[in-house]
C-alpha cells in the first residue's frame with residue numbers, strides 16, 4: 001500500500017524533449033518516424049530472425065507481462081526511494097553542519113536498562129538462551145535493548161525529516177492487465193453477478209494457501225453483497241495428498257456441504273492423509289454413504305479437478321494461491337490491503 005504522501009502520475013515526454021527529437025531528426029537528414037524508431041527502440045528479442053517485444057509478451061502471456069509491469073514499477077520506486085533518502089540526509093546535514101552519516105544518530109544517547117528491565121527480558125525469552133544464566137547473558141540483553149532504543153530513535157528522526165521535507169513519488173502507474181478466466185461450474189460464495197468476481201486457484205495442502213484463507217474470509221465478510229468468490233482446484237503435483245483432498249471436497253457439492261468441508265480441510269492442511277480426509281469430510285456434516293458412493297467414481301471427479309488445473313495453466317498459473325480479481329492477476333498470500341485496494345478500485349469504476 002502507498003501512503004498518503006505518495007502519488008502515482010503519468011509522465012509523458014515533455015514538449016522540450018519532443019522538440020529536441022524533431023530538431024535532431026532535421027539536422028540528421030532523416031525522417032522523424034525512422035529517427036524515433038532508431039533512437040527509441042523497445043526492448044525485445046530476436047528468435048530465428050524474427051523480432052519480438054513486450055507487446056508480444058502481453059498478447060501471449062498476460063500474467064508474465066503483468067508481473068513485469070508491477071516488478072518494474074516496484075524496482076523504480078525502491079531505487080528512487082534510496083536516492084531520496086540520501087538526498088534528505090544531505091539536506092539535513094548541510095542545514096545542521098554535520099555529516100550525512102550522522103543525521104539519524106544526532107541527539108541519541110542510549111539509556112542504560114534497569115536490572116528489572118533486563119530480568120523481564122531474560123525471563124520472557126529464557127528458553128532462547130540455551131540454559132545460560134542471567135549473569136551470562138546480561139550484557140547481551142543490555143546491548144540488544146540499547147540497539148532497539150537506537151532503532152526507535154532513528155525511525156522517529158526519519159519520520160520528522162520526511163514531515164519537514166515531504167517525499168512524493170512521481171511514478172507511472174503499472175498498466176492494468178486483465179486475463180479472461182472462466183469460472184465454469186465451480187463453487188462460489190457471495191452474490192451471483194456481483195460487480196467484482198474473485199477466482200481463486202488454490203491447494204488444500206499448500207501452507208501459503210492456508211495462510212491466505214484468513215485474508216480471504218475478511219474480504220468476503222467486508223464485501224458480502226459486492227464480491228462473488230469462486231474457488232477452482234489447483235492441487236500441486238508434489239503435494240501427495242492434495243488431489244485426494246480436492247476430489248473429496250468436490251464429492252460434498254451435491255450435498256451442499258462444500259464450504260463446510262473447505263474450511264475443515266484448510267484447518268487441517270498439514271494432515272490430509274486419505275483416511276483423515278474421509279474423517280474430516282464426514283465431520284463437516286456430509287452423509288457418509290452418499291459421500292462414499294461419490295468417491296467410488298474418483299476418476300470422473302479427478303478429471304474435473306484436472307480440468308481446473310489445465311485451465312489455470314492456460315492463463316499462466318504455476319503456483320498457489322493465485323487470484324484473478326475481475327481478471328487482474330494477484331499472486332501469493334498477500335496482505336489484506338493488497339486485495340482491498342484492487343477491489344475498491346473495481347467497485348468505484
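In the UniProt record's numbering, the protein residues as written are 1 to 349. We put the CB at the ideal spot given by N, CA and C, even for glycine.
- Judged by DSSP in its simplified three-state form, residue 297 adopts coil rather than helix or strand.
- Between the C-alpha atoms of residue 124 and residue 183 there is a straight-line separation of about 50 Å.
- Contact between residue 346 and residue 326 is confirmed by a C-beta separation of about 5 Å, below the 8 Å threshold.
- In the structure shown, residue 215 falls within a helical segment according to DSSP collapsed to helix, strand and coil.
- Shown here, residue 44 sits in a strand according to DSSP, grouped into three states.
- In the same chain as residue 86, and ignoring 5 residues on each side of it, the C-beta atoms closer than 8 Å to its own belong to 100, in chain order.
- The alpha helix (DSSP H) runs lying completely inside the stretch 200 to 278 and spanning 4 residues or more are 207 to 222, 242 to 250 and 258 to 267, given in chain order.
- Inclusion of residue 226 and residue 194 in the CB contact set at 8 Å is warranted, their separation being smaller than that value.
- The alpha-carbon separation between residue 302 and residue 308 amounts to approximately 10 Å.
- Within the model, the alpha-carbon separation for residue 52 versus residue 76 is close to 24 Å.
- If you check the CB distance, residue 323 and residue 218 do not come in under 8 Å.
- Proximity to residue 112 across 310, 97, 149 and 153 peaks at 149, based on C-alpha coordinates.
- Rounded to whole angstroms, the separation of the alpha carbons of residue 157 and residue 151 is 10 Å.
- Following the DSSP letters along the chain, one finds residue 331 inside the beta strand (DSSP E) bounded by residues 328 to 331.
- By the neighbour-count criterion, in which 16 or more other beta carbons inside 10 Å mark a residue as buried, residue 176 falls on the exposed side.
- Around residue 180, the same chain offers 327 as residues with beta carbons nearer than 7 Å, after the five sequence neighbours per side are excluded.
- Taking C-beta atoms as the reference points, residue 63 and residue 315 count as a pair closer than 8 Å.
- In the same chain as residue 54, and ignoring 5 residues on each side of it, the C-beta atoms closer than 8 Å to its own belong to 42, 43, 44, 65 and 68, in chain order.
- Exposed is the label assigned to residue 48, since fewer than 16 other Cβ atoms lie within 10 Å of its Cβ.
- For residue 339, DSSP assigns no beta-bridge partner whatsoever.
- Rounded to the nearest angstrom, the Cβ distance from residue 312 to residue 234 is 5 Å, consistent with a contact under 8 Å.
- Nearest in C-alpha terms to residue 115, of all of 137, 104 and 102, is 137.
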